[in-house]
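Sequence positions in the sequence shown follow the numbering used here and run 1 to 263.
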Amino acid sequence: MSENPVIYKPFEWERLRIASQFNAQLMDHLRPYVKPGITTDEINQIVHDYTVSHGNTPATLGYMGYPKSCCISINEVVCHGIPDDTVLKEGDIVNVDITSIVNGWYGDQSETFLMGQVSDEARKLVQVTFDSLFLAINSLQPGSSVLQIGQVISDYARDDNFGVVRQYQGHGIGREFHTDPGIPHYPVSSSERDLLLPGMCFTIEPMLNAGSWKTVEDQSDGWTVRTKDNKLSAQFEHTILMTEDGPEILTLTKEGPQAGHKF
Ligand code: MF3
Ligand code: CO
Ligand code: CO
Numbered sequence: 001m002s003e004n005p006v007i008y009k010p011f012e013w014e015r016l017r018i019a020s021q022f023n024a025q026l027m028d029h030l031r032p033y034v035k036p037g038i039t040t041d042e043i044n045q046i047v048h049d050y051t052v053s054h055g056n057t058p059a060t061l062g063y064m065g066y067p068k069s070c071c072i073s074i075n076e077v078v079c080h081g082i083p084d085d086t087v088l089k090e091g092d093i094v095n096v097d098i099t100s101i102v103n104g105w106y107g108d109q110s111e112t113f114l115m116g117q118v119s120d121e122a123r124k125l126v127q128v129t130f131d132s133l134f135l136a137i138n139s140l141q142p143g144s145s146v147l148q149i150g151q152v153i154s155d156y157a158r159d160d161n162f163g164v165v166r167q168y169q170g171h172g173i174g175r176e177f178h179t180d181p182g183i184p185h186y187p188v189s190s191s192e193r194d195l196l197l198p199g200m201c202f203t204i205e206p207m208l209n210a211g212s213w214k215t216v217e218d219q220s221d222g223w224t225v226r227t228k229d230n231k232l233s234a235q236f237e238h239t240i241l242m243t244e245d246g247p248e249i250l251t252l253t254k255e256g257p258q259a260g261h262k263f
């Protein structure tokens with residue numbers, strides 16, 4: 001983790017765009033397969049094969065010992081779910097988080113998918129999480145403080161009494177997977193001095209819980225994070241470049257849910 005936020009130069013912005021656009025294309029490739037009946041290992045294999053066959057590298061494979069090419073987090077799993085032989089079933093909400101390395105540059109994004117008909121609560125949670133991400137992005141201007149992201153997201157989640165996860169945050173990204181600044185999704189006063197200047201690239205990746213914000217890490221695999229109260233959790237993530245004209249979402253997909261989408 002770099003100690004200081006990196007300001008990328010305009011010639012590097014194109015590299016960032018290319019990496020994130022590959023990642024988005026991978027998400028579009030994946031989307032039709034994320035349906036009831038598939039195993040999370042099969043989804044992982046699709047991510048892996050598509051990435052490698054395009055000459056790129058799955059960033060999570062071997063990252064701090066993480067064993068797979070993506071994270072898949074079902075229902076009460078908040079993040080870092082490890083693909084295995086679990087079969088997706090009708091009614092699940094399923095987050096797939098993918099990160100690619102393209103010529104040394106990182107792009108990172110996630111989406112939560114609804115498996116057929118889900119409960120009203122699940123649908124609402126997914127909707128509010130998705131909308132909170134876009135509200136936060138659209139609130140930003142060059143020079144905005146990182147604190148504002150946490151304020152916008154937690155103010156919005158509060159209307160529905162959804163908990164905002166604190167233990168895991170967004171992050172700077174670019175030549176490395178995770179750099180400063182940390183991007184908390186709830187208000188942290190020290191974030192007020194972290195300003196989002198043109199040339200900074202970062203993720204926003206709110207995790208909202210149907211109940212408490214509290215989470216627990218699985219002791220046996222060391223990765224899987226669950227809600228403490230076992231209620232549902234949803235997440236969306238984009239990689240964003242701050243420009244002089246405002247935030248540019250680098251990981252927008254062609255086929256996925258666009259701002260304003262109704263689940
Ligand atoms: N993609 C996750 C993020 O958004 C990080 C996953 S790291 C892993 O930052 F090791 F769990 F894969
Ligand atoms: Co991320
Ligand atoms: Co991610």
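Note that CB positions come from ideal geometry on N, CA and C, so glycine has one too.
- Per DSSP, the continuous beta strand (DSSP E) segment holding GLN235 begins and ends at 233-235.
- Short of 6 angstroms from the beta carbon of PHE11, and not among the five residues preceding or following it, lies no beta carbon of its own chain.
- Residue VAL77 holds the alpha-carbon nearest to the alpha-carbon of TYR168 among ARG158, GLY91 and VAL77.
- Scanning its chain for C-beta atoms nearer than 7 angstroms, with the 5 sequence neighbours on each side dropped, one finds around ASP92 the residues ILE74, ASN75 and MET115, in chain order.
- Runs of beta strand (DSSP E) with 3 or more residues, each lying fully within the segment 211-258, are found at 215-217, 225-227, 233-235, 238-243 and 246-249, listed in chain order.
- The beta carbon of VAL216 is closer than 6 angstroms to those of ARG226 and LYS228 in its chain, skipping five residues each way along the sequence.
- The straight-line gap separating the alpha-carbon atoms of PRO206 and ASP155 is approximately 13 angstroms.
- C-alpha of ILE38 to C-alpha of SER53: approximately 22 angstroms in a straight line.
- Around the beta-carbon of GLY81, 16 or more other beta-carbon atoms lie within 10 Å, marking it buried.
- In chain order, LEU125, VAL128, LEU208, ASN209 and ALA210 place their CB closer than 7 angstroms to the CB of PHE162, counting only its own chain and leaving out the 5 sequence neighbours on each side.
- Taking each of VAL118, TYR106 and SER212 in turn and checking the Cα distance to ARG158, the smallest one comes out for SER212.
- For GLY107, the three-state secondary structure derived from DSSP is strand.
- Within the same chain, THR253, LYS254, GLU255 and GLY256 come within 8 angstroms of ASP28 by CB-CB distance, once the 5 residues on both sides are set aside.
- For the beta strand (DSSP E) assignment, the uninterrupted runs of no fewer than 3 residues enclosed by the segment 28-95 are, from N- to C-terminal side, 71-74 and 77-79.
- Set against 6 angstroms, the gap from the CB of SER69 to the closest heavy atom of ligand 3 is not smaller.
- For PHE130, the enclosing alpha helix (DSSP H) begins and ends at 120-138.
- Contact holds between the segment 146-153 and the segment 180-198, because three or more Cβ pairs, one in each stretch, are under 8 angstroms apart.
- Nearest neighbour of GLN45 by Cα position, chosen from LYS214, ILE137, VAL94 and ASP85, turns out to be ASP85.
- A straight line joining the alpha-carbon of SER233 with that of GLU121 spans about 11 angstroms.
- Exclusion of the five residues before and after GLN117 leaves GLU90 and GLY91 as the residues of its chain whose Cβ lies within less than 7 angstroms of its Cβ.
- Contact between ILE153 and PRO247 does not hold, since the beta-carbon distance rounds to 15 angstroms and is not under 8 angstroms.
- Rounded to whole angstroms, ASN4 and PRO36 show a C-alpha spacing of 43 angstroms.
- In the three-state reduction of the DSSP assignment, LEU16 falls in the helix class.
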